[in-house]
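What follows is one structure encoded as structure tokens, with my remarks underneath.
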Amino acid sequence: MRYEKEKSEQLLLNILPKAIADQLKQGERTIASAMEEVTILFADVVGFTPLSAKVPPIKLVSLLNKLFSSFDHLAEQYKLEKIKTIGDAYMVVGGLPLPQENHAEAIAEMALEMQAVMENFQAETILGEIEDCERFQIRIGINTGSVVAGVIGIKKFIYDLWGDAVNIASRMESSGEPGRIQVTEETYQRLKDHYYLEYRGMTSVKGRGKMKTYWLIGKKG
């Protein structure tokens, strides 16, 4: 009985942040909170979808799992919260469920390391195992702002985020370029003292018109 309880608790921790899982165990039915400032990252593996026509499904899932497991380790290293994966897209946030003063910097560090992970993944896994494989790159978008975070579902719990800041982060990814990290003005202001950033210009963002955006290049010093 004790083993089953521990197993259930571990499963809960695998899909929810510990602070949120604890609230559920204490019997709270509705879990939601407004977070004044967090930093959200969306990433998409460009070139991965066409691979589904070239390799067996089990192989495809195995490759994606290997890559995303590396991203999960980075999220844990920088005390960030992975929100979800959708196909070959990955979403992570800094600054919740508990406030984190350096959330923008932590996300920036992860983004830069994700690029390095992608290079290694390309060299070690893809090129060595799959013939006629196109080059894979990761396209990343980052934004800082306020969100609402909460748990939805009855049997299958999902911890998710809502708000304009989330939508803009997603647009930063989709309007970006493969191999680059695009950030908003809000994120730029929090990173400019410690990171190299390049002004991209006024970028058309669906639902928002033109927005100032920047490329995150690397860390200073």
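Each step along the sequence shown adds one to the number in the UniProt record's numbering, with nothing skipped, and position 143 is 143. Note that CB positions come from ideal geometry on N, CA and C, so glycine has one too.
For residue i and residue j, what's the separation of their Cα atoms in angstroms?
i, j, result
"residue 151", "residue 157", "6 Å"
"residue 57", "residue 105", "36 Å"
"residue 173", "residue 77", "23 Å"
"residue 62", "residue 176", "27 Å"
"residue 107", "residue 165", "15 Å"
Leaving out the 5 sequence neighbours to the left and right, which residues in its chain are closer than 7 Å to residue i when beta-carbon positions are compared?
i, result
"residue 220", "194, 195, 196"
"residue 52", "60"
"residue 96", "35, 38, 81, 149"
"residue 215", "180, 181, 182, 197, 198, 200"
"residue 90", "43, 68, 71"
Pick from the options: whose alpha carbon is nearest that of residue i?
i, options, result
"residue 115", "60, 58, 149, 182", "182"
"residue 205", "190, 65, 171, 189", "171"
"residue 135", "145, 122, 141", "122"
"residue 74", "146, 33, 211, 118", "118"
Inspect the beta-carbon positions of residue i and residue j and report whether they are closer than 8 Å.
i, j, result
"residue 40", "residue 143", "yes"
"residue 226", "residue 187", "The structure shown does not extend to residue 226, since the chain is modelled only from 1 through 221, so no value can be given for it."
"residue 207", "residue 112", "no"
"residue 92", "residue 110", "yes"
Given residue i, which residues of its chain have a CB within under 6 Å of its CB, disregarding the five upstream and five downstream residues?
i, result
"residue 178", "46, 137, 139"
"residue 227", "Any property of residue 227 remains undetermined from this structure, which presents the chain solely from 1 to 221."
Which residues does DSSP pair with residue i in a beta bridge?
i, result
"residue 144", "39"
"residue 188", "None, per the DSSP bridge assignment."
"residue 44", "89, 139"
Only counting the same chain, and skipping five residues up and downstream in sequence, which positions put a Cβ closer than 8 Å to that of residue i?
i, result
"residue 85", "68, 91"
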